[in-house]
Ligand code: SF4
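In the numbering used here, the protein residues as written are 403 to 910.
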């Protein structure tokens with residue numbers, strides 16, 4: 403309990419979220435805890451995995467293990483007093499109501515060096531993501547300093563882009579010294595801390611509509627009428643433009659004054675929202691669809707991207723293709739039943755990934771027709787994965803197989819581009835993703851109810867299989883989807899493309 407009678411502590415996450423949005427910060431600190439998901443659990447696992455590898459670089463470091471911040475702070479001070487030359491892992495510091503736990507604290511001649519270890523490959527602290535890492539470490543420095551610890555240097559550790567599977571673990575991290583860059587933020591945090599402390603410890607602030615609401619997972623909780631604020635549905639609009647409109651009291655597309663300054667696609671979306679009617683440009687649609695050649699192969703990949711490489715000659719977060727689904731329509735007039743039954747799939751063996759990735763490429767080459775279009779949804783992804791397979795197979799001495807993949811590239815076509823060219827429905831709510839488009843265009847097809855219903859989830863599920871973590875995950879009370887669940891998900895992705903393609907053809 404501190405002097406003002408409150409023992410509620412403000413964490414780094416709550417503080418930094420509060421700087422973005424008071425309501426978000428308040429919910430982070432005081433709101434109901436979100437139930438643990440497989441994706442969040444896997445993220446924690448990878449964070450701990452990377453943190454553990456960083457700690458291995460320091461022999462005899464002392465872990466401050468207690469999760470209670472007050473107990474941990476006492477223990478930190480006791481250990482620093484008793485072992486002033488020891489490296490500390492997860493030491494805790496408290497300044498007023500603010501708590502921080504550094505990842506690693508290293509004694510130096512003039513104080514301590516803070517190391518914050520990030521499960522990421524950032525190299526540039528000037529871009530949006532890099533700035534978040536800088537804000538993160540600035541908070542920790544601010545609390546440590548304010549609690550009386552002299553900070554002589556501060557370093558962010560990222561996974562090195564040069565690191566490859568099997569390299570010495572000592573080369574896994576790339577370090578960026580950032581104390582000077584963080585200084586202005588530290589000053590600003592001290593100046594703003596009273597205001598933030600005030601509202602985080604007070605009653606829940608009312609939500610205030612802002613540009614950040616667009617991507618915020620709480621937007622429909624904060625605003626039951628969120629989808630009435632239709633400016634958020636205009637695709638590829640910048641935050642600055644959105645915020646400018648909001649500041650002028652414009653939250654519905656009808657309120658945007660002419661000339662709107664929107665590009666053709668954005669204007670089409672605006673008109674569709676205003677009229678409540680779908681937009682259809684059958685000429686543009688026909689131009690796209692007529693360029694596709696039968697047999698049409700509907701192809702979708704799933705991948706994993708492990709932080710710590712698990713395949714030869716891969717780097718951290720390299721996307722490894724582990725699964726494909728493929729439906730084939732031989733001719734334009736094929737019945738839906740014949741396309742449905744012309745299905746091929748491959749799911750790697752998690753216990754033999756190296757052989758499985760080679761097997762996947764072979765199975766795909768064997769299953770694909772030798773001519774015709776290969777349809778994807780968001781072509782850049784499948785194209786990137788085929789190129790990755792070509793490079794990786796070449797590295798593994800499978801040049802012949804890699805060469806068989808090359809001609810596939812020029813046969814790729816993109817269903818998403820066709821939809822963007824010729825169709826928009828106001829219920830897309832600004833999203834052309836297959837998850838946004840499918841329930842509107844083909845209401846009877848849905849991902850709801852599937853044990854695996856998102857690409858990120860599929861990736862976590864298969865990664866857990868590869869790493870043998872399923873029992874550990876179940877012990878945390880989570881269900882672990884099966885191989886069949888993964889297959890159903892990937893199959894639905896390509897079946898959705900078949901149905902969407904047929905729907906577009908019906909518009910001509
Ligand atoms: S939806 Fe908007 S107001 Fe609500 S928490 Fe998110 S950013 Fe803040």
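Note that beta-carbon positions come from the ideal geometry of N, C-alpha and C, so glycine has one too.
beta-carbon residue i near the ligand SF4 non-hydrogen atom, thresh 7 Å
i	result
residue 429	yes
residue 644	no
residue 432	no
residue 831	no
residue 793	no
residue 581	no
residue 614	yes
residue 620	yes
residue 418	no
residue 425	yes
residue 610	yes
residue 739	no
residue 892	no
residue 624	yes
Check: residue i C-beta below 7 Å from any heavy atom of the ligand COA
i	result
residue 685	The ligand COA is not among the ligands present in this structure, which contains only the ligand SF4.
Residues of its chain near residue i, where Cβ-Cβ distance is below 8 Å and the 5 sequence neighbours each way are ignored
i	result
residue 407	Unreliable placement is indicated for residue 407, whose pLDDT of 40 sits below 50; the coordinate value is still reported in the next sentence. Within the same chain, residue 407 has no close Cβ partners at all.
residue 458	571
residue 481	464, 466, 488, 490 and 493
residue 618	423, 426 and 624
Spatial distance of residue i from residue j (CA atoms)
i	j	result
residue 489	residue 856	41 Å
residue 418	residue 599	12 Å
residue 694	residue 816	10 Å
residue 403	residue 784	Confidence at residue 403 is low in this model, with a pLDDT of 42, below 50, so the placement of that residue is unreliable and no value is reported for it.
residue 841	residue 623	22 Å
residue 589	residue 660	43 Å
residue 691	residue 808	23 Å
residue 814	residue 500	53 Å
residue 731	residue 778	14 Å
residue 492	residue 503	5 Å
residue 410	residue 533	28 Å
residue 704	residue 566	22 Å
residue 444	residue 881	13 Å
residue 442	residue 449	10 Å
residue 886	residue 851	14 Å
residue 800	residue 708	23 Å
residue 697	residue 736	10 Å
Nearest to residue i (by Cα), restricted to the options the options
i	options	result
residue 862	430, 447 and 416	447
residue 515	412, 696 and 505	505
residue 677	829, 879 and 644	829
residue 596	653, 498 and 547	498
residue 557	523, 583, 524 and 518	518
residue 888	413, 867, 592 and 876	867
residue 639	627, 651, 614 and 619	614
residue 577	520, 604, 637 and 711	520
residue 786	605, 523, 702 and 740	702
residue 892	468, 462, 746 and 772	746
residue 774	667, 729 and 657	729
Sequence-distant residues of its chain with Cβ nearer than 6 Å to residue i (five each side left out)
i	result
residue 822	834
residue 509	487
residue 883	853, 854 and 863
Limits of the alpha helix (DSSP H) - the one that residue i falls within
i	result
residue 867	857-868
residue 700	Element bounds for residue 700: not the alpha helix (DSSP H) but the beta strand (DSSP E), 698-706.
residue 683	Here residue 683 belongs to no alpha helix (DSSP H), and DSSP marks it neither H nor E.
Contacting residues, own chain, Cβ-Cβ under 7 Å from residue i (five flanking each side not counted)
i	result
residue 635	671, 675, 831 and 832
residue 587	536, 537 and 540
residue 684	824, 909 and 910
residue 750	724, 725, 758, 759 and 762
Host beta strand (DSSP E) of residue i (start-end)
i	result
residue 554	553-561
residue 830	No beta strand (DSSP E) contains residue 830, which DSSP labels as neither H nor E.
residue 840	Where residue 840 is concerned, there is no enclosing beta strand (DSSP E), although the alpha helix (DSSP H) it sits in stretches over 836-843.
Proximity test, Cβ basis, 8 Å: residue i and chain B
i	result
residue 513	Although the question refers to chain B, the structure presented lacks it and comprises just one protein chain.
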